[in-house]
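Comments concern the structure below.
Residue numbers (the numbering used here): 1 to 274.
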């Protein structure tokens, strides 16, 4: 649906419910339509009415589009103006059977077409049109004939706050960037620091390299060149091996015999060194 049926009919349908929620939606959507039209008027004003402020070279090479570009635009403009009015009964008419698969099905309990057409007061039907046209005309007149007034108001404290409020999308972007994006970035930085540059590096090549260097240094310190030290290493290894055998067979007599034998060998070793 295009033209009137793409926006105004939706506004009238929301008011035609005659509930508080529908009335609130009507006024909120009317304000949105008003600012949307104001944006379109701003584009038209900056394009066709105001003084050009771009580079001179860009205006020298400006020209109309060729025929292959103009014909589609003409077709689109005609359909955007008249298509909604011509196909109204097909899309939203009562009892229409165009959509046999019920793609635009409306339950009978929620049928508001009649209320929208005949019960909505004329004032509320014309209110979006009056607001949008009057606001567009006022904005163009102020920009064309009273530009200094707008500039002075913009640089005043009140005007600056109003401009900042609307320019920042009602401070939604400020709230989003400060409390959501900033927190996510900090969380991502800490995650990168803890995982990518922390535990992953310690478990990965950096930690493996440092661990091997520390292990080789410790093993190098064990190599003292003294025979008794090497004999002690051998005895410790033998005791560890015998301990494993003991826990395998669970024989106390064997374990005691091995311990006394090791002490005897150690005593003989110390006596021979003296």
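Glycine included, every Cβ here is placed at the ideal spot set by N, Cα and C. None of these values were measured; they are calculated from a predicted model.
Going straight from the alpha carbon of residue i to that of residue j, what length do you get?
| i | j | result |
| --- | --- | --- |
| residue 11 | residue 162 | 27 angstroms |
| residue 52 | residue 127 | 34 angstroms |
| residue 221 | residue 235 | 19 angstroms |
| residue 88 | residue 28 | 25 angstroms |
| residue 192 | residue 205 | 17 angstroms |
| residue 356 | residue 44 | Nothing can be reported for residue 356, as the shown portion of the chain is limited to 1 through 274. |
| residue 223 | residue 203 | 28 angstroms |
| residue 287 | residue 80 | In the structure as shown, the chain starts at 1 and stops at 274, and residue 287 therefore has no counterpart that could be examined. |
| residue 142 | residue 172 | 29 angstroms |
| residue 233 | residue 207 | 28 angstroms |
| residue 131 | residue 195 | 57 angstroms |
| residue 209 | residue 218 | 14 angstroms |
| residue 148 | residue 154 | 10 angstroms |
| residue 123 | residue 83 | 26 angstroms |
| residue 8 | residue 125 | 8 angstroms |
| residue 35 | residue 150 | 18 angstroms |
| residue 62 | residue 71 | 19 angstroms |
| residue 26 | residue 32 | 10 angstroms |
| residue 50 | residue 166 | 23 angstroms |
| residue 60 | residue 54 | 11 angstroms |
| residue 152 | residue 168 | 20 angstroms |
| residue 145 | residue 46 | 14 angstroms |
| residue 183 | residue 176 | 10 angstroms |
| residue 216 | residue 238 | 23 angstroms |
| residue 90 | residue 30 | 26 angstroms |
| residue 159 | residue 181 | 28 angstroms |
| residue 189 | residue 212 | 30 angstroms |
| residue 170 | residue 164 | 8 angstroms |
| residue 78 | residue 69 | 15 angstroms |
| residue 58 | residue 64 | 13 angstroms |
| residue 73 | residue 186 | 48 angstroms |
My guess is that residue i and residue j are in contact by the Cβ rule of under 8 angstroms, so how many angstroms apart are they, rounded?
| i | j | result |
| --- | --- | --- |
| residue 120 | residue 15 | 6 angstroms |
| residue 17 | residue 112 | 6 angstroms |
Three CB pairs or more closer than 8 angstroms across the region 32–47 and the region 131–140:
yes
What are the start and end residues of each continuous alpha helix (DSSP H) run of 4 or more residues lying completely inside the region 7–31, in chain order?
none
Write down every uninterrupted run of the alpha helix (DSSP H) in the region 103–156 whose length is 4 residues or greater and which is fully enclosed by it, in chain order.
122–145 and 147–155
Identify every run of the alpha helix (DSSP H) within the region 162–228, keeping only runs that are complete inside it and at least 4 residues long; order them along the chain.
172–175, 182–191, 200–203 and 205–222
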